[in-house]
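J.: If you scroll down you'll find the structure; I have some questions about it.
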Amino acid sequence: MSMFRKPSAKKLGLKVLAIGEKGVGKSVFSLSFPRVYAIDGETGMAFYESHPRFGQNLLGIVNTQDFNELQEAIDELMDMGAEEVGTLSIDSETKIYENLTDASLQVEEKKARKNGKDVNDSSVSMRGYGRIKAISTRLQNLKIDLSAKGINVISIAQIDDIKQKIGEQFIKVGEKPVMKKNSEYDYDVVIKLFTEDDSEGNPIYKGVILKDRTGVTKVNQIVENPSYETWRLFLESRDGADTIKSNLAKDSAKSQKALEEEDAEAEKTVVDKLKEAMSKSDAHQAKAVALIQESGIKNPLSPTATELNKLQKIVEIVSEM
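Under UniProt numbering, the first residue of the sequence shown carries the number 1, and numbering increases by one thereafter.
As structure tokens, then:
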């Protein structure tokens with residue numbers, strides 16, 4: 001049987017990345033979509049709970065910045081399905097990403113303490129950044145799978161300047177969302193929200209379109225008061241169509257498991273490697289004990305920073321026996 005299917009109109013949820021400075025209406029924009037379940041990492045949604053205008057579409061909230069809880073929440077929405085859930089709003093992706101980065105840094109600090117190193121010198125390692133990328137990719141794939149079931153996904157993110165050194169100064173040359181690098185590629189619509197004051201000083205909420213796969217709007221088009229209504233007709237025209245069977249997150253999980261097994265082997269401490277070398281035979285154990293006594297290491301299971309280098313050499317000698 002062929003892996004390929006015949007092309008046809010499909011019912012898909014719209015994946016939107018809404019970026020912008022504070023106070024430009026990002027949360028309100030997401031709440032314009034139908035039957036919203038929100039991941040609120042900034043407690044900003046609390047202002048709209050039971051709001052007579054902006055809270056009408058809000059059906060459920062989870063207050064968290066934890067990536068594991070985000071995954072659990074998405075799994076729950078998957079089980080509920082598009083009949084109950086219209087939209088997942090994540091406010092904000094920035095806080096989720098920062099939490100993930102902070103967790104990785106804490107892991108590096110824990111390793112430093114265990115190996116007798118200075119915690120203040122700790123930073124997220126290349127392996128740590130790889131883990132951040134792997135987890136972020138899995139979360140992105142979960143959102144894509146959710147969209148394939150006909151559920152809209154609205155991701156809100158803060159923005160940061162892209163600067164380039166020209167001469168002796170750094171000049172702003174663009175902007176980027178504060179989240180996993182290149183995340184914009186995963187979304188159907190990317191919109192930067194902003195405000196302009198009218199003649200009386202009242203804010204007018206607008207959005208500039210940076211990307212739109214639906215073709216409803218054009219790149220660089222300015223939309224006044226952007227909302228679900230902007231894309232409603234396009235989305236509703238696909239009601240009744242089949243959805244796509246998508247399991248991208250499971251594919252990612254398989255790859256991630258293999259990488260984690262490799263990481264676990266690479267991340268063994270010197271003490272772990274010593275135990276492993278000594279367990280090979282009585283001769284290995286006797287040799288290690290003799291070398292430890294000879295080197296003056298008081299407690300090989302909790303070596304000082306100075307003793308750690310000696311222990312590393314002992315591990316190398318015993319492992320080569």
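Built from N, CA and C at the ideal position, the CB exists for glycine as well. Here the structure is a predicted model, which is why all the values come from computation and not from measurement.
Assuming Ile162 contacts Val173 under a Cβ cut-off of 8 angstroms, what Cβ separation, rounded to an integer in Å, is found between them?
T.: Correct: roughly 6 angstroms between the Cβ atoms.
J.: Please report the straight-line C-alpha distance between Gly201 and Gly23, rounded to a whole angstrom.
T.: Each residue's Cα considered, the two are about 15 angstroms apart.
J.: Which runs of the beta strand (DSSP E), 3 residues or longer, sit entirely within the segment 40-102?
T.: Listed in chain order, they are 58-63, 87-91.
J.: What is the DSSP secondary structure of Gly128, counted as helix, strand or coil?
T.: Gly128 falls in the helix class under three-state DSSP.
J.: Where Val271 and Thr101 are concerned, what is the direct C-alpha to C-alpha distance, given to the nearest angstrom?
T.: The straight-line gap from Cα to Cα measures roughly 27 angstroms.
J.: When you compare only the Cα positions, how much space is there between Met321 and Asn299?
T.: Taking the straight line joining both Cα atoms gives about 23 angstroms.
J.: Can you find the residues in the same chain that come closer than 7 angstroms, C-beta to C-beta, to Ser147, ignoring five residues on each side of it along the sequence?
T.: For Ser147, where only same-chain residues beyond five positions count, the Cβ hits under 7 angstroms are Leu12, Gly13, Lys15, Val153.
J.: Under the three-state reduction of DSSP, which class applies to Ile317: helix, strand or coil?
T.: Looking at Ile317 - three-state DSSP - the assignment turns out to be helix.
J.: Return the bridge partner residues of Lys172 from the DSSP annotation.
T.: According to DSSP, Lys172 bridges with Lys163.
J.: Give me the Cα-Cα distance between Ile171 and Val178, rounded to the nearest whole angstrom.
T.: Rounded to the nearest angstrom, the two C-alpha atoms are 19 angstroms apart.
J.: What residues in its chain sit with their C-beta under 7 angstroms from that of Val85, if we drop five residues either side in the sequence?
T.: Around Val85: Arg35, Tyr37, Leu77, Ile151.
J.: List the endpoints of the continuous alpha helix (DSSP H) containing Val289.
T.: Counting along the chain, the alpha helix (DSSP H) containing Val289 begins and ends at 282-295.
J.: Among Asn309, Ile222, Glu108, whose alpha-carbon lies nearest the alpha-carbon of Ile132?
T.: Checked all of Asn309, Ile222, Glu108; the closest Cα to Ile132 is Glu108.
J.: Which residues does DSSP list as the beta-bridge partners of Phe194?
T.: Bridge partners of Phe194: Lys206.
J.: For the alpha helix (DSSP H) holding Val271, just list the boundary residues, first then last.
T.: Where Val271 is concerned, the enclosing alpha helix (DSSP H) stretches over 270-278.
J.: Residues bridged to Ala38 by DSSP?
T.: Per DSSP, Ile61, Ser89.
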